[in-house]
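Report on the structure given below.
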Amino acid sequence: MVVFVENCFHWIGFHIMNDLLDNGFQVDGMDSLDTDKKEHLSMFVGRNQLFRHVSASERNNAYDISLKIEDDALILEKENLVTIHLPLVFGEWMPMNQEGVYDQDDFIPFDSERFLTEAVYVGDVLKSLQQWFATSDLPPILEVRSFHERQTGQRKLENAVYIRNNRPIQEEINRVKKHYNTYQKFYQ
Numbered sequence: 007m008v009v010f011v012e013n014c015f016h017w018i019g020f021h022i023m024n025d026l027l028d029n030g031f032q033v034d035g036m037d038s039l040d041t042d043k044k045e046h047l048s049m050f051v052g053r054n055q056l057f058r059h060v061s062a063s064e065r066n067n068a069y070d071i072s073l074k075i076e077d078d079a080l081i082l083e084k085e086n087l088v089t090i091h092l093p094l095v096f097g098e099w100m101p102m103n104q105e106g107v108y109d110q111d112d113f114i115p116f117d118s119e120r121f122l123t124e125a126v127y128v129g130d131v132l133k134s135l136q137q138w139f140a141t142s143d144l145p146p147i148l149e150v151r152s153f154h155e156r157q158t159g160q161r162k163l164e165n166a167v168y169i170r171n172n173r174p175i176q177e178e179i180n181r182v183k184k185h186y187n188t189y190q191k192f193y194q
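The sequence shown lines up with residues 7 to 194 when you count with this note's numbering.
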């Protein structure tokens, strides 16, 4: 199966691409290498036989799955187009510091109510994404939330997906902080 990933060196795109490669998918990734971090991330996959870094002109329409990475959503295209609205996703390589994460322009401390209620580790999102790849009948919009988030607002139940963290959130925070300390210069 061949998957196209647009913005493959966005921090979420990188996790998705790595997971796909680890699971034997062939991946065509498109992204500019306009930052040190993107350049660094490209070196992790550059020699993988299943990965090909493509330009817009090299992109073809013969992909089994196309995925566009945005800050707060994934646009999944298989038989139809599905917009997957993401919760507060955190993980290695995301904009952060030792005290918390940046969600676009908002700083969210690790110990804040918002983080503890809404945050989902990127690895847990990847497990759900694999299931969505295998599902043939997805609604046009999926609202993904943390299992801990009790407030559903006006979301329709059939379009809401709640993801449970597989490990205690503090354990994931500690792992991400350790990674941040090791690769801090690439987080800027």
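We put the beta carbon where it would ideally sit given N, CA and C, even for glycine.
Annotation for residue 47: the continuous alpha helix (DSSP H) segment containing it runs 42 to 51.
A direct Cα-Cα distance of roughly 9 angstroms separates residue 167 from residue 153. Excluding its 5 nearest sequence neighbours in each direction, residue 134 has C-beta neighbours in its own chain below 8 angstroms: 150, 167, 169, listed in chain order.
The alpha-carbon of residue 14 is positioned some 31 angstroms away from that of residue 119.
In this structure the stretch 69 to 76 does not touch the stretch 108 to 126; the number of beta carbon pairs closer than 8 angstroms is below three.
Taking C-beta separations shorter than 6 angstroms and ignoring five residues to either side along the sequence, the partners of residue 47 in its chain run 15, 20, following chain order.
Listed as beta-bridge partners of residue 115 by DSSP are 106. The DSSP-derived three-state label of residue 27 is helix. Annotation: the continuous beta strand (DSSP E) that includes residue 91 extends over 87 to 91.
One Cα belongs to residue 86, the other to residue 54, and the distance between them is close to 29 angstroms. Each residue's CA atom was taken as its position, placing residue 99 and residue 49 some 14 angstroms apart. Counting the other CB atoms within 10 Å of its CB gives residue 30 a total below 16, which places it among the exposed residues. Looking at the DSSP output, residue 79 bridges to 91. Burial is judged here by how many other beta carbons sit within 10 angstroms of a residue's own beta carbon; residue 39 has fewer than 16 and is exposed. Contact between residue 188 and residue 147 does not hold, since their C-beta atoms are separated by about 37 angstroms, which reaches or exceeds 8 angstroms. Per DSSP, reduced to three states, the secondary structure at residue 122 is helical. When only Cα atoms are considered, residue 132 and residue 25 end up about 7 angstroms apart. In this structure, the CA atom of residue 36 is about 5 angstroms from the CA atom of residue 60.
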